[in-house]
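Heads up, the thing below is written out as structure tokens.
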Amino acid sequence: MRFFSKHFIQPYLNIGLFAGCLMASSVVMAQAAVHFVPEKPGGDLPPLPEYTDLPAAPQKNMVLPAVIQTPAQHLSAQESLYVKHVQLSGNKLFSDQQLRHITGPYEHRHITSDELQALRRQLTRHYVEHGYINSGAMIPDQDIESGVIKINIIEGHLNEIKISGNRRLKPRYIRSRLAFPPHKALHLPTLQKKIQLLHQDRLINRINAHLNPGIQRGESILAVIIDERRPYEFGFRVNNRRSPSVGELRGELWGSYLNISGYGDAITVQYGITEGLDDMRLNYTLPLNRQDTRLALYLSRSDSLIIEEPFDAIDIKSKSKNWGISLTHPLWRTLSGHFSHSLALDRRHSKTVFLGNEPYPSIGSKEGETTVAVLRLGQEWLSRKDNRVLAIRSRISVGLDALNATSNEAGIPDGTFSAWLGQLQWVQRISRRGMQLVARSDFQFTHDSLLPLEQFGVGGASSVRGYRENLMVRDKGWMGSLEIRVPVVSQKFQLAAFYDIGGGDHVSKPRPALKSISSVGLGLRWHPNRSLRSQLYWGHALKNVVVGKEKSLQDDGFHFSLEVSF
Numbered sequence: 410m411r412f413f414s415k416h417f418i419q420p421y422l423n424i425g426l427f428a429g430c431l432m433a434s435s436v437v438m439a440q441a442a443v444h445f446v447p448e449k450p451g452g453d454l455p456p457l458p459e460y461t462d463l464p465a466a467p468q469k470n471m472v473l474p475a476v477i478q479t480p481a482q483h484l485s486a487q488e489s490l491y492v493k494h495v496q497l498s499g500n501k502l503f504s505d506q507q508l509r510h511i512t513g514p515y516e517h518r519h520i521t522s523d524e525l526q527a528l529r530r531q532l533t534r535h536y537v538e539h540g541y542i543n544s545g546a547m548i549p550d551q552d553i554e555s556g557v558i559k560i561n562i563i564e565g566h567l568n569e570i571k572i573s574g575n576r577r578l579k580p581r582y583i584r585s586r587l588a589f590p591p592h593k594a595l596h597l598p599t600l601q602k603k604i605q606l607l608h609q610d611r612l613i614n615r616i617n618a619h620l621n622p623g624i625q626r627g628e629s630i631l632a633v634i635i636d637e638r639r640p641y642e643f644g645f646r647v648n649n650r651r652s653p654s655v656g657e658l659r660g661e662l663w664g665s666y667l668n669i670s671g672y673g674d675a676i677t678v679q680y681g682i683t684e685g686l687d688d689m690r691l692n693y694t695l696p697l698n699r700q701d702t703r704l705a706l707y708l709s710r711s712d713s714l715i716i717e718e719p720f721d722a723i724d725i726k727s728k729s730k731n732w733g734i735s736l737t738h739p740l741w742r743t744l745s746g747h748f749s750h751s752l753a754l755d756r757r758h759s760k761t762v763f764l765g766n767e768p769y770p771s772i773g774s775k776e777g778e779t780t781v782a783v784l785r786l787g788q789e790w791l792s793r794k795d796n797r798v799l800a801i802r803s804r805i806s807v808g809l810d811a812l813n814a815t816s817n818e819a820g821i822p823d824g825t826f827s828a829w830l831g832q833l834q835w836v837q838r839i840s841r842r843g844m845q846l847v848a849r850s851d852f853q854f855t856h857d858s859l860l861p862l863e864q865f866g867v868g869g870a871s872s873v874r875g876y877r878e879n880l881m882v883r884d885k886g887w888m889g890s891l892e893i894r895v896p897v898v899s900q901k902f903q904l905a906a907f908y909d910i911g912g913g914d915h916v917s918k919p920r921p922a923l924k925s926i927s928s929v930g931l932g933l934r935w936h937p938n939r940s941l942r943s944q945l946y947w948g949h950a951l952k953n954v955v956v957g958k959e960k961s962l963q964d965d966g967f968h969f970s971l972e973v974s975f
């Protein structure tokens, strides 16, 4: 009969099988929505910086010219002359009033030729002591009228930058970061800062700088010898930082080329795989100006399959495709820190099916698909001192009704929302032996119900250790961590002890039974050099959470990672 055709009964069979799998799972497991959320709720964020020594300042590689010397000028054969007023010209950096303490004692009296030269030297010394090493005073040949003596101030400039040793880096890239604006006088501390900041560029291994006098008085020539780093890097990572629902053990290969065009643009390709997941990401960054404003583009895709019982029986598959563009500009940048703003547009799309090709029924999705187009405004502040590193990051996300973003009726999560994510990390060295205290916190706040793509995950290696990745996924959430690291033999090998805590809640859904989790544990960290980084942590869960029949390393509290770069 037509009533009992295959097309009629298939949806009911699918629903029945799905319900049976849910009933077979434990009650507590049913609340662990991690089985049905993307691998990275809220998107990827770069790690906050940890304690590192300040970069070596390359000042010792700078050879400075001798202080400007002008020959003594004789105005006349007179042994002395009456000076009523000293008239300065060319002094833009310091006003007449600011130089009054130098010129004042020589006015309204008779002065000798030697005293006049002493005045010239004092004015020159004032500029040199303030860092303007090729600036100084000059007394032109003149007729003294009405007791007015004229002194010209030459505020020196950096007229030429000669670059050698560079292989792929364009001279323009280097010159733009060292040059002064045409109207700016050469200031040695500023030049040293420019050289040191350039030395921090990952494209440069070493800089030697020689500052030489130019042809004309007040001119200087900077000779720069560049030793470039190798422009390419590659490596691999192995860790168990993925959800057990798709396979926690993950291997990743990555490669970067750091200077494609000669202007510092870089491309990075990453490919990772677990038992049920493979993902790929492509990043491209381009410096736009000498202030290091950067344009970044990314593309990523992933295919995943739920492999964990009992949900593996219904063949849940998910595909995601994401892209984004961002602009980052440092408002200020020094050798020990920076403050930057960023503006980004992300588009993230996910499609989930089960039982062959049936749309997976999740809240907010349409036919198993969810899409968000998000405008993100970010700020990042970093301060690094000899004994501590403090980093603060803020990100405001606004979901746009654009680019085919998911749209639903009021009360149902969709692509229009707003949320704020904050991150804080303090790393403090607390002993001469190098013992460190690390305090860290992440938190997300929103008034809107969010799609899983933008929710906050709690649990796992970078959140609350001792629990599986993304054990709790909520609209809003928080986590905090306190860790002590004790060096063994040297800073390269550390023992660690930690306490982690985190929690979260939904905006409009019924409050989940699991409100918070916490753990204590120990860790080993071995970072012998820049090319090898490894760590192993074990956390003891202070709240017992049953997640399923099969236990993973994460469920037993173990989190490890190994990274090797070449």
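Numbering (our numbering), first residue to last: 410 to 975. Backbone N, C-alpha and C fix where the C-beta goes; we use that ideal spot for every residue, glycine too. Note that the coordinates shown come from a computational prediction; the quantities given were computed from them, not determined experimentally.
- Under DSSP, the beta-bridge partners assigned to phenylalanine 645 are Leu662, Val973.
- When the beta-carbon positions are compared, arginine 584 and isoleucine 570 come within less than 7 Å of each other.
- Its chain contains Gly671, Tyr672 as the residues whose beta carbon lies nearer than 7 Å to that of lysine 579, once the 5 sequence neighbours on both sides are disregarded; these appear in chain order.
- In the DSSP annotation of this structure, proline 739 is not part of any alpha helix (DSSP H); the continuous beta strand (DSSP E) holding it starts and ends at 726-743.
- If only complete runs of 4 or more residues are kept, the stretch 479-536 shows the alpha helix (DSSP H) at 509-512, in order along the chain.
- Every beta strand (DSSP E) stretch that sits fully inside the stretch 885-913 and reaches 3 residues is listed by chain position as 885-897.
- Spatial neighbours of aspartate 851 in its own chain (CB-CB distance under 6 Å, excluding positions within 5 residues in sequence) are listed in chain order as Gln832, Met888.
- The continuous stretches of alpha helix (DSSP H) do not include histidine 592, and DSSP gives it neither H nor E.
- Between glycine 574 and alanine 618, the alpha-carbon positions lie close to 12 Å from each other.
- Taking the Cα of asparagine 731 as reference, the smallest distance to any Cα among Arg638, Ser759, Ile715 is reached at Ser759.
- Assigned with DSSP and collapsed to three states, lysine 760 falls in strand.
- By the Cβ rule, the stretch 718-725 does not count as touching the stretch 693-708, because fewer than three pairs are nearer than 8 Å.
- Rounded to the nearest whole angstrom, the C-alpha separation of tyrosine 515 and glutamate 524 is 8 Å.
- The distance from the Cβ of lysine 726 to that of threonine 779 is about 15 Å, inconsistent with a contact at the 8 Å cut-off.
- Between leucine 691 and serine 713, the gap from beta carbon to beta carbon reaches 7 Å or more.
- Looking at the backbone, the Cα of arginine 849 and that of alanine 527 are separated by about 59 Å.
- Between the stretch 556-570 and the stretch 602-609 there are fewer than three C-beta pairs closer than 8 Å, too few to call the two in contact.
- Rounded to the nearest whole angstrom, the C-alpha separation of histidine 856 and valine 916 is 6 Å.
- In this structure, leucine 667 lies near proline 640, with their beta-carbon atoms less than 7 Å apart.
- Bounds of the beta strand (DSSP E) holding lysine 571 are 566-573.
- Your pair glycine 911 and glycine 886 checks out as a contact, with CB atoms roughly 7 Å apart and the cut at 8 Å.
- For alanine 753, the closest C-alpha among the options Arg874, Leu784, Asn766, Asn621 is that of Leu784.
- Within 10 angstroms of the beta-carbon of isoleucine 624 lie fewer than 16 other beta-carbons, which makes it exposed.
- If you draw a straight line from the Cα of glutamine 679 to the Cα of valine 647, it is about 13 Å long.
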